[in-house]
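J.: Under my numbering, think of the first position of the sequence shown as 11, with each following residue one higher. Input: one structure, supplied below.
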Amino acid sequence: MIKLSPSILSADFSRLGEHISAIEKYGADWVHIDVMDGMFVPNISFGAPIMKAIRPLTKMVFDVHLMIEDPGRYIKDFVDAGADMITVHYEADKHIHRTIKYIKSFGVKAGIALNPGTPVALIEDLIEDIDMVLIMSVNPGFGGQKYIEFSGKKVAQVKALKDMYNKELYIQVDGGIDSSNVKKVIECGANSIVAGSAVFKNDEIEKNIKALKGNF
Ligand code: DX5
Ligand code: ZN
């Protein structure tokens with residue numbers, strides 16, 4: 011079962027409530043929440059207070075992608091704001107194992123995200139402690155970028171680890187996904203799909219989600 015997780019980074023922030031209801035109505039499974047700090051990535055998005063404001067609007071899983079330096083400092087804020095899963099970047103944390111354990115101590119699912127330049131092999135020792143690996147298929151920081159072709163190969167490498175460890179694991183792909191490439195990443199082993207522009211473009215959420223889900 012593939013989980014579609016629309017990124018609200020591409021939503022109209024002045025109509026966030028309306029957009030959350032629309033993605034739920036038209037078949038999204040999770041809500042992907044892209045938090046950016048202007049340090050780890052060259053852009054600032056939003057933080058826990060915005061998330062807390064939209065939490066009462068839906069029962070969908072809140073899939074929180076922290077693109078922030080030293081994310082351990084803010085885990086509790088995002089748990090308190092209603093996160094169901096928290097993903098931190100391997101590159102942003104000197105003590106990633108400690109942070110994963112800390113996330114799990116709240117009963118929240120934990121993921122590790124890898125930038126395009128970060129090899130999958132680095133996370134082998136952590137695989138048994140995590141619930142998700144997020145393969146970035148663009149360099150993080152902005153919506154609407156072009157899919158980087160070698161990402162499928164990295165997804166397949168994570169799938170091989172999942173099989174080797176016989177582990178229940180979400181393999182998420184994030185960045186530049188649309189109806190032209192979603193099938194390919196699913197064939198490589200992705201079971202969670204993030205899409206921002208492809209869901210919210212032209213304010214045609216119903217049509218856009220149908221076009222994406224037509225591929226899986
Ligand atoms: C990039 C974010 C992505 C992005 C997805 O830094 O992590 O979630 O907003 O948007 P699209 O699908 O437009 O690439
Ligand atoms: Zn993201």
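For each residue, glycine too, the CB sits at the ideal point set by N, CA and C. Bear in mind the structure is a predicted one, so any value in this text is a computation, not a measurement.
#1: Less than 6 Å between C-beta atoms, sequence neighbours within five positions excluded: which residues of the same chain meet that for Val195?
#2: Determine the burial state of Asp135: buried for a count of at least 16 other Cβ atoms within 10 Å of its Cβ, exposed for fewer.
#3: Check whether the Cβ atoms of Phe152 and Ala21 sit closer than 7 Å, and answer yes or no.
#4: Taking the alpha-carbon of Met95 as reference, which of Lys114, Asp80, Asp103 has the nearest alpha-carbon?
#5: Val192 to Lys223, Cα distance in whole Å?
#6: By how many angstroms is the C-alpha of Gly92 removed from the C-alpha of Lys62?
#7: Measure the C-alpha to C-alpha separation of Arg108 and Gln155 and round it to an integer number of angstroms.
#8: Using three-state DSSP, classify Leu19 as helix, strand or coil.
#9: Determine the closest residue to Ala170 out of Leu67, Tyr100, Ile133, with distance taken between C-alpha atoms.
#10: Can you grab the Cα-Cα spacing for the pair Gly37 / Pro59, in whole Å?
#11: Mapping DSSP to helix, strand and coil, what is His99?
#12: With a cut-off of 8 Å on the beta carbons, I'd call Lys69 and Asp39 a contact; round off their distance for me.
#13: Where does Tyr180 land, buried or exposed, given buried means 16+ other C-beta within 10 angstroms?
#14: Three-state secondary structure (DSSP) at Leu179?
#15: My assumption, with CB atoms under 8 Å, is that Pro126 sits in contact with Val98. Please give the rounded CB distance.
#16: At what residue ranges does the segment 102-184 contain a whole run of the alpha helix (DSSP H), taking only runs of 4 or more?
#17: Does DSSP classify Ile64 as helix, strand or coil?
#18: Can you tell me whether Pro150 is buried or exposed? The criterion is at least 16 other CB atoms within 10 Å of its CB, across all chains shown.
T.: A quick look at the data gives this:
#1: Gly162, Val165, Val183
#2: exposed
#3: no
#4: Lys114
#5: 9 Å
#6: 7 Å
#7: 32 Å
#8: helix
#9: Ile133
#10: 26 Å
#11: strand
#12: 11 Å between Cβ atoms; not a contact.
#13: buried
#14: coil
#15: Not quite, the Cβ-Cβ distance comes to about 17 Å (not below 8 Å), so this is no contact.
#16: 106-114, 161-174
#17: helix
#18: buried
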